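To keep things clear, I will list the structure first and then write my remarks on it.
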Amino acid sequence: MAIKTSEEYIQSLREMDIKVYMFGELVENPVDHPIIRPSLNSVAMTYDLANQEEYKDIMTTKSHLTGEPINRFCHIHQSTDDLMKKIKMQRLLGQKTASCFQRCVGMDAFNAIYSTTYEMDQEYGTDYFERFKKYLLYVQENDLTIDGAMTDPKGDRSLSPSQQEDADLYLRITEVREDGIVVKGAKAHQTGSVNSHEHLVMPTIALKDADKDYAVSFAIPSDAEGIFMIYGRQSCDTRKLEEGADIDLGNSTFGGQEALVIFDDVFIPNERVFMCKEAKYAGMMVERFAGYHRQSYACKVGVGDVLIGAAALAADYNGVPRASHIKDKLIEMTHLNETLWAGAVACSAEGSETASGNYLIDLLLANVSKQNVTRFPYQIARYAEDIAGGLMVTMPSEEDFRHPEVGKYVEKYLVGAKGTSTENRMRVLRLIENITLGSAAVGYLTESMHGAGSPQAQRIMISRQGNLDAKKEMARKIAKVDTSKDK
Ligand code: SF4
Ligand code: FE
481 MAIKTSEEYI QSLREMDIKV YMFGELVENP VDHPIIRPSL NSVAMTYDLA
531 NQEEYKDIMT TKSHLTGEPI NRFCHIHQST DDLMKKIKMQ RLLGQKTASC
581 FQRCVGMDAF NAIYSTTYEM DQEYGTDYFE RFKKYLLYVQ ENDLTIDGAM
631 TDPKGDRSLS PSQQEDADLY LRITEVREDG IVVKGAKAHQ TGSVNSHEHL
681 VMPTIALKDA DKDYAVSFAI PSDAEGIFMI YGRQSCDTRK LEEGADIDLG
731 NSTFGGQEAL VIFDDVFIPN ERVFMCKEAK YAGMMVERFA GYHRQSYACK
781 VGVGDVLIGA AALAADYNGV PRASHIKDKL IEMTHLNETL WAGAVACSAE
831 GSETASGNYL IDLLLANVSK QNVTRFPYQI ARYAEDIAGG LMVTMPSEED
881 FRHPEVGKYV EKYLVGAKGT STENRMRVLR LIENITLGSA AVGYLTESMH
931 GAGSPQAQRI MISRQGNLDA KKEMARKIAK VDTSKDK
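In my numbering, the protein residues as written are 481 to 967.
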């Protein structure tokens, strides 16, 4: 059963006892909860496509550990071709779900931990790499969805983890026992946590020795003793609770999901611990995970494809597809979206082999690419709203549209181009609303800004990787600068 079906995935989550609170209550059945279910459907799509012949080459590959077929989300990248297929898979899933499909964080964590543990073992003679490989084998054999968990709540950003008034604001080791460790703290904004079988935890920043209790990486089932989640609200989320809601949701099938995940004195057995106080390597793990996840934002290109399509459809329904300014705006949207794609392609094609044998993206290009992601989706969304028109936010509800008395007025006065359906026009406008202002805007906009690191995090990496000294030397040579004349 190395490649699960979506039915098997959903059933396996049903068998878990994941504790999640929403609106002040423990959710009894997360799998079928109307607010959670669309996000689960997005993850399920990562299983569905892997079982379709048409997408096999992109969605599946062979395990480098066993040679068995596996879902690409469980893969350790073996070449730049693998890195390219990864982003193609993400664009495809963005197109199919128009939302965050959540499973990438686990894949990115696998690859970052794989190469970092290898290098850690080289220095310290530890056996983290072997432990991690065993864990990975288990993940691949069971086709698990894993939540790569990096972001700590962080409290006062000017203070290091150990300087915080509350020592738990960064997740930390509170006890080291013979058979394992005990951890306490939380991970914030955890994408897909409720829909993941396990959590794979990493530190959130580079650490000094004084903060070594915070240098920890481990894997733990999402329903382990001491773990619970508090669900993140999204704009327009309660629309999903409305009886028979369909048009008003814009995207009634798919969505994304984030939660605050609490680790309240959780025991982690040794075989699942992949870093234990090796502060020096926290930075490497963070940098690599962030790099992979910045590459992963190819997902937004797929969502952008859907948004551009929706804007073009809105123009059709408005009767203006041939207006030159509309055509030009659609060209600009495409230009921006494909520029994002170019960045993802570039950092993948320029990837290189690590000491462990897996492939890492070009870090500078991945950071440049993600920096563009913090900007362009906002511009694309602006054009989409421009083309859609104000009706996108002033339109009556589906219930009014279906109402026996006022429905006919909605139908009559909201009609667009000759011969087109009012309902279809409403559907398209609601989809644009969903991506630019509604629950999917979490994924398409704010997550583009802050997910995989806020803009400033990329700028720090760009400055670190930009190699200004080499560039100065190039300029000196061309200008025939004689440095001995400088005082
Ligand atoms: Fe994957 Fe994109 Fe969601 Fe990150 S934001 S988990 S890359 S779909
Ligand atoms: Fe993300």
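The beta carbon of each residue, even a glycine, is placed where N, CA and C say it ideally should be.
Quick caveat, the model's predicted, so the values are computed rather than measured.
Opposing strand residues paired with residue i [DSSP bridges]
{"i": "Leu506", "result": "Tyr501"}
{"i": "Ser832", "result": "Leu840"}
{"i": "Ile700", "result": "His679"}
{"i": "Cys756", "result": "Val696"}
{"i": "Glu885", "result": "The partner list for Glu885 (beta bridge, DSSP) is empty, contrary to what the question assumes."}
{"i": "Ala795", "result": "Looking at the DSSP assignment, Ala795 forms no beta bridge with any residue, so it has no partner."}
{"i": "Tyr650", "result": "Its beta-bridge partners do not exist; DSSP assigns none."}
{"i": "Thr541", "result": "Ile550"}
{"i": "Tyr711", "result": "Ala739"}
{"i": "Pro876", "result": "Answer is none; Pro876 lacks a bridge partner."}
{"i": "Pro749", "result": "Gly660"}
{"i": "Asp627", "result": "His679"}
{"i": "Lys667", "result": "Val741"}
{"i": "Glu533", "result": "DSSP output for Glu533 lists no bridge partner at all."}
{"i": "Glu655", "result": "Val662"}
Contacting residues, own chain, Cβ-Cβ under 8 Å from residue i (five flanking each side not counted)
{"i": "Val825", "result": "Met564, Ile567"}
{"i": "Arg652", "result": "Pro641, Val663, Lys664, Gly665, Asp693, Tyr694, Val696"}
Contacting residues, own chain, Cβ-Cβ under 6 Å from residue i (five flanking each side not counted)
{"i": "Gly784", "result": "Asn817, Ile860"}
{"i": "Glu599", "result": "Ala835"}
{"i": "Ala530", "result": "Ile483, Met539, Thr540, Asn551"}
{"i": "Leu821", "result": "Note that residue 821 is Trp in the sequence shown here, rather than Leu. Excluding residues within five positions, the ones whose Cβ falls inside 6 Å are Val781."}
{"i": "Pro641", "result": "Tyr650, Asp691, Tyr694"}
{"i": "Gln778", "result": "At residue 778 the sequence reads Ala, which differs from the Gln that was named. So the list reads Ile567, Gln570, Arg571, Ala824, once near-sequence residues are dropped."}
{"i": "Arg494", "result": "Val511"}
Any non-hydrogen atom of ligand 2 closer than 7 Å to residue i Cβ
{"i": "Gly933", "result": "no"}
{"i": "Thr684", "result": "no"}
{"i": "Thr926", "result": "no"}
{"i": "Thr671", "result": "yes"}
{"i": "Cys580", "result": "yes"}
Ligand 1 heavy atom lying under 7 Å from the CB of residue i
{"i": "Phe503", "result": "no"}
{"i": "Gln570", "result": "yes"}
{"i": "His439", "result": "An answer regarding residue 439 cannot be provided, because it is not within the stretch 481 to 967 covered by the chain."}
{"i": "Val585", "result": "yes"}
{"i": "Gly923", "result": "yes"}
{"i": "Ser776", "result": "yes"}
{"i": "Cys827", "result": "no"}
{"i": "Cys756", "result": "no"}
{"i": "Cys779", "result": "yes"}
Proximity of residue i and residue j at Cβ, strictly below 8 Å
{"i": "Gly574", "j": "Gly782", "result": "yes"}
{"i": "Met764", "j": "Val741", "result": "no"}
{"i": "Leu793", "j": "Val908", "result": "yes"}
{"i": "Tyr797", "j": "Thr900", "result": "yes"}
{"i": "Ser832", "j": "Leu844", "result": "no"}
{"i": "Met682", "j": "Val746", "result": "no"}
{"i": "Ser697", "j": "Ile811", "result": "no"}
{"i": "Arg583", "j": "Gly665", "result": "no"}
{"i": "Ser877", "j": "Asp728", "result": "yes"}
{"i": "Thr854", "j": "Pro935", "result": "yes"}
{"i": "Thr916", "j": "Glu865", "result": "yes"}
{"i": "Cys716", "j": "Gly918", "result": "yes"}
{"i": "Pro701", "j": "Ala668", "result": "no"}
{"i": "Phe734", "j": "Pro514", "result": "no"}
{"i": "Asp562", "j": "His555", "result": "yes"}
Counted within 10 angstroms of its Cβ, other Cβ atoms place residue i as buried (16 or more) or exposed
{"i": "Phe769", "result": "buried"}
{"i": "Lys960", "result": "exposed"}
{"i": "Val500", "result": "buried"}
{"i": "Phe754", "result": "buried"}
{"i": "Met525", "result": "buried"}
{"i": "Pro749", "result": "exposed"}
{"i": "Thr963", "result": "exposed"}
{"i": "His677", "result": "buried"}
{"i": "His805", "result": "exposed"}
{"i": "His557", "result": "buried"}
{"i": "Lys576", "result": "buried"}
{"i": "Phe503", "result": "exposed"}
{"i": "Tyr618", "result": "exposed"}
{"i": "Thr546", "result": "exposed"}
{"i": "Lys888", "result": "exposed"}
{"i": "Ile940", "result": "exposed"}
{"i": "Ser522", "result": "buried"}
{"i": "His815", "result": "exposed"}
CB contact below 8 Å: residue i versus chain B
{"i": "Gly789", "result": "Absent from the structure: chain B. Only one protein chain is present."}
Neighbourhood of residue i by C-beta distance below 7 Å, restricted to the same chain and skipping five residues each side
{"i": "Met569", "result": "Ile538, Met539, Arg552"}
{"i": "Asn731", "result": "Ala578, Ser579, Leu911, Asn914, Ala920"}
{"i": "Phe429", "result": "With the chain represented from 481 up to 967, any question about residue 429 goes unanswered, as that position is not in the structure."}
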